[in-house]
Structures are given as C-alpha cells and as structure tokens.
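With this note's numbering, letter number 259 in the sequence shown gets 259, and the count goes up by one each step, no holes. By construction, the Cβ of each residue, glycine as well, lies at the ideal position given by its N, Cα and C atoms.
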Amino acid sequence: MLEKGWIGGGNTGRNTTIIRSNYLWDESAAIYEHAMKLWEGLSQELNFNLMFSQRGVLTLAHSEHELREMRRRVEAIRLNGIDSDVLTPDEIKRLVPIMDTSPNLRYPVMGGFIQRRGGTARHDAVAWGYARAADARGVDIIQNCAVTGFRIDQGTVRGVETTRGPIRASKVACVVAGHAGVVAEMAGFRLPVTSRPLQALVSEPIKPILDVVIMSNAVHMYVSQSDKGEMVLGAGTDSYNSYTQRGSMTVIEGMLAAAVELFPCLSRLSMLRSWGGIVDTCPDASPIISRTPVRNLYFNCGWGTGGFKATPGSGHVFADLVARDEPNAIAAPFSLDRFVGGYLIDEHGAAGVAH
Numbered sequence: 001m002l003e004k005g006w007i008g009g010g011n012t013g014r015n016t017t018i019i020r021s022n023y024l025w026d027e028s029a030a031i032y033e034h035a036m037k038l039w040e041g042l043s044q045e046l047n048f049n050l051m052f053s054q055r056g057v058l059t060l061a062h063s064e065h066e067l068r069e070m071r072r073r074v075e076a077i078r079l080n081g082i083d084s085d086v087l088t089p090d091e092i093k094r095l096v097p098i099m100d101t102s103p104n105l106r107y108p109v110m111g112g113f114i115q116r117r118g119g120t121a122r123h124d125a126v127a128w129g130y131a132r133a134a135d136a137r138g139v140d141i142i143q144n145c146a147v148t149g150f151r152i153d154q155g156t157v158r159g160v161e162t163t164r165g166p167i168r169a170s171k172v173a174c175v176v177a178g179h180a181g182v183v184a185e186m187a188g189f190r191l192p193v194t195s196r197p198l199q200a201l202v203s204e205p206i207k208p209i210l211d212v213v214i215m216s217n218a219v220h221m222y223v224s225q226s227d228k229g230e231m232v233l234g235a236g237t238d239s240y241n242s243y244t245q246r247g248s249m250t251v252i253e254g255m256l257a258a259a260v261e262l263f264p265c266l267s268r269l270s271m272l273r274s275w276g277g278i279v280d281t282c283p284d285a286s287p288i289i290s291r292t293p294v295r296n297l298y299f300n301c302g303w304g305t306g307g308f309k310a311t312p313g314s315g316h317v318f319a320d321l322v323a324r325d326e327p328n329a330i331a332a333p334f335s336l337d338r339f340v341g342g343y344l345i346d347e348h349g350a351a352g353v354a355h
C-alpha cells in the first residue's frame, strides 16, 4: 500500500465524518447500506475504537416542493429496507431545541427526514484502525511514496514507478480520492471526473448542545458537534475545478450565514480553523468501482462528497473486484461501462452538497 503523504493526511482526515445510507436509487442504497452494516461492527472487527456514534442524521426541507420530494425519497429508501422517517417542524424543534423553526426565516423549516442509524465516526481513528489491522495481516504500508507512473506492457499493467523506485506488481488498485483523473492520465486514459475543493470548519469547543447531525441542502450547510465539543460545519463544493485544499471565502460566508440563521446561538462562537478536501465527482454523482482500459489496473474513485461514509463497503467490494477480476452484484452498477451504455445513477439530490 503506497501513500503519497502520511496515513490520514488526505481526504480521509479532511471531511466532516458523517455516515448515512439514505440514498434514493437501488444501486446507491445497496452500496451505502452495505457500508452502514459494516460500520456497525467495525470497531469490534478492527479492535480499535472508531468513536462511531449513531446519533441520527436529520435533513431539512425549506419549501413545500422540497418536502414533497423528501417524502418521495423516504418511501424509496424504505422500499430498500433502510430506516427513514419524515418529521414535522414541531417534532424537529423537540429533537433540536436550539434550532429556530419559526416561519419568519428566509428559509423556514417546513419539515425534514431522519435516518436514526446514521451518525459520525472519528476519521483519523478509522484510518489508523484500518492501518493497524492491515499491518497485522502482513500488508506493507509505505508512506511518503508518490506514484509517478505505471509500467504497462501490451495493455497490461506490470508495476508502478515511484519516488522511491520501481515496484513490480501483477495487479494495481488505485484509491486516490481527488486525484483519480491525474493518476489515470499517467496510465494513458481519461476518467469522467472533475475535482473541486469541499470546505469545512470547526468552532471553539463548548458544552454539548447538539446530539444529532443536521443537514440542509437548500442553504448548503451541515453541522454536528464533535466529542471535544467543537461545532463541525460543512458546505457545498466550490464552483470551480481545483486541486487546492483551500477554497474560496464566499463559500464559508454563505455557510456561516445559514448556520447562524438556523442556530442563532452559534453567532457567539469563534471559528478556530477551516480546511478543504478535494472531491472528484462523476457526472451522475455516483462512484466508479471498476476495471479500466489497462488490464489488471482497477480504480475506486468519483465518490464526490460521499467517500468517507462508504469506506468499509467500498473497500470490501473493491477488494473482491481486484481478487476475482469480476465485480459482484453491489459493485457492478458502478462500472466505467455505464458512461457508454447510459445506465447512470443520478444521486445529485442526495450527494451534491451533503457529506
């Protein structure tokens, strides 16, 4: 396993740690629910405390149209056996007393839906829990080792070139969130992905005031409270393609304006730091788990803003693909071939903003 920087230094350590499986389409529901079920036993399996907290994920509706679409989405989610419930403004107020649910807001809270099994996990704990378990099974983890090219012979990958010398391999699997397009170009083909900064920030720590994750797609804001007491806030992606880990200030300003309107008490807080993660997004906002035009070269990418929550599930089905050179039923819909055949999985409504 080659890591360009250090373990957890990329997108794994630069997200807002939200975990959920309430996706619209059957294909998405299958992969994210597979991941959710693995999350529920992952601390025990890795023998490492991932601080997995199923505190619930509540998504808000701010218009009648959004509420109707939300009800449709909830019924589709339930058909796939995933928990999801619609809440009224009064029920939301009882669940989140600090939220302003008055009808006089610029974007009044008309209702919402909640996945009570959703929640958060500690991202660096996840990275180190997996690393420790992999090391115990004999996996060589080489940090500060960047891949600079591929050794390809007659259309088949034979190894990689790195900053620390060449490495021969009969199979190569790439999971390089944010930079999949760059790495694919080294191998001589293009991926249908665009890379953009996704921003987040944290406040100074305070006493517990929020025990559920709140998401609002309409106003581009989501918030949870960490175990240290910090308010962790995220927003939408920047509108331009970039590989910078520092996005534009306008996104932060809009996110904070929405947060303060919904939670007036947050206006008193100081923000400690902000950061950006690079997300690579496919045209249909669904991932790629696939073989490539180069034989024995595989890519797991294009997760957009949903990569962290899918970690155990995507890793599980990707390992199966690499081992058998054939996708299983969960991974098959996310093949590169879908962009040729037109069988796209449009999850922009579920994954375009929220992490």
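Distances from the CA of VAL96 to each of TRP128, ARG55, VAL126 were compared; the closest alpha carbon is that of ARG55. DSSP links ASP85 through a beta bridge to ILE114.
The bridge partners DSSP lists for ASP280 are SER195. THR250 counts as exposed, since fewer than 16 other beta carbons sit within 10 angstroms of its beta carbon. Within the same chain, ILE289, VAL317, LEU321 come within 6 Å of ALA331 by CB-CB distance, once the 5 residues on both sides are set aside.
The beta carbons of LEU210 and SER226 sit no closer together than 8 Å. Beta-bridge pairing by DSSP links ALA61 to GLY111. As computed with DSSP, ILE214 is found in a beta bridge with LEU58, VAL223. One thing to note: LEU46 has its Cβ within 8 Å of the Cβ of GLY129.
When Cβ pairs closer than 8 Å are counted between the two stretches, the region 147 to 162 is seen not to touch the region 256 to 266, the count staying below three. Using a 10 angstroms sphere on the CB of ASP238, the tally of other CB atoms reaches 16 or more, which defines it as buried.
By alpha-carbon distance to ASP280, the top candidate from GLU347, ALA180, LEU266, ARG132 is ALA180. Per DSSP, the unbroken alpha helix (DSSP H) holding GLY315 starts and ends at 311 to 324. If you draw a 10 Å sphere on the C-beta of THR163, you find fewer than 16 other C-beta atoms in it, and that means exposed. Straight-line measurement puts the Cα of SER43 at about 33 Å from the Cα of ALA184. Here ARG14 is buried, its C-beta having at least 16 other C-beta atoms within 10 Å.
Taking each of SER63, GLU69, PHE150 in turn and checking the Cα distance to ALA173, the smallest one comes out for PHE150.
Annotation: MET231 is outside any alpha helix (DSSP H); the continuous beta strand (DSSP E) that includes it extends over 231 to 237. Ranked by how close their Cα comes to the Cα of TYR222, the residues LEU201, VAL139, ASN11, ASN49 have LEU201 in first place. Residue environment: TRP6 is assigned as exposed (fewer than 16 neighbouring CB atoms within 10 Å of its CB, all protein chains considered). According to DSSP, THR148 shares a beta bridge with no other residue. Pairwise C-beta distances place the region 266 to 279 out of contact with the region 64 to 84, as fewer than three of them are shorter than 8 Å.
Per the DSSP secondary-structure output, ILE345 pairs with nothing in a beta bridge.
Using a Cβ distance threshold of 8 Å, SER195 and ASN241 count as a contacting pair. Pairing TYR23 with PHE308, the inter-Cα distance amounts to about 15 Å.
Collapsing the DSSP output to three states places PRO264 in a helix. If the five residues before and after LEU269 are omitted, its C-beta is found closer than 8 Å to the C-beta atoms of SER203, GLU204, ILE206, MET231, all from its own chain and listed in chain order.
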